[in-house]
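These notes concern the structure reproduced below.
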Amino acid sequence: MKKLISILVSATLLLSANAIAEVGDTTVIDLIATKPNSSDAVLLLHQMRTWNDESRNLLEKKLEFYETVIRTGELAKQRPNTSGKNFSIMVIYASAPPEDALDLLSKIQKRMLENQIILRWGSQQDISKLMTH
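For what it's worth, our numbering labels the leading residue of the sequence shown as 207, then goes sequentially.
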């Protein structure tokens, strides 16, 4: 678990530097974290934009993409190390989301649970706390 947290913290630092994809790239997975001999895979989604209608729409589209590639098995085909894993998705944001964005995340979280996908969200500072839940 410590190593996975380290990987995610490192990834968050990369994301802070705009080094990899973010919510605007709605057909790209920002980061996938797996650990050998673990049954878990974590997909990271970084929301760096100011919260507004456009960023909420992009977030919803990107989460739908993540859910689709997991549910259809496309992710496992392209990344065999994720085959058979339990998936969780973490939305990491630069600034706290407004109430309507939190409502959207809650709605999507319920839908994803039906497909055994765990959705969590928090700030970059919350990442280690998100990993332990």
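Cβ atoms here follow ideal geometry from the backbone N, Cα and C, with glycine treated the same way.
For D309, the three-state secondary structure derived from DSSP is helix.
Secondary structure of M318 (DSSP, three-state): helix. The segment 220 to 290 is shown to contain whole beta strand (DSSP E) runs of 3 or more residues at 237 to 240, 246 to 253, in chain order. Looking at the backbone, the Cα of L310 and that of E266 are separated by about 8 angstroms. Distance from the Cα of D332 is smallest, within the candidate group K313, E320, R317, M296, for M296. Nearest in C-alpha terms to E273, of all of S244, I235, Y299, is I235.
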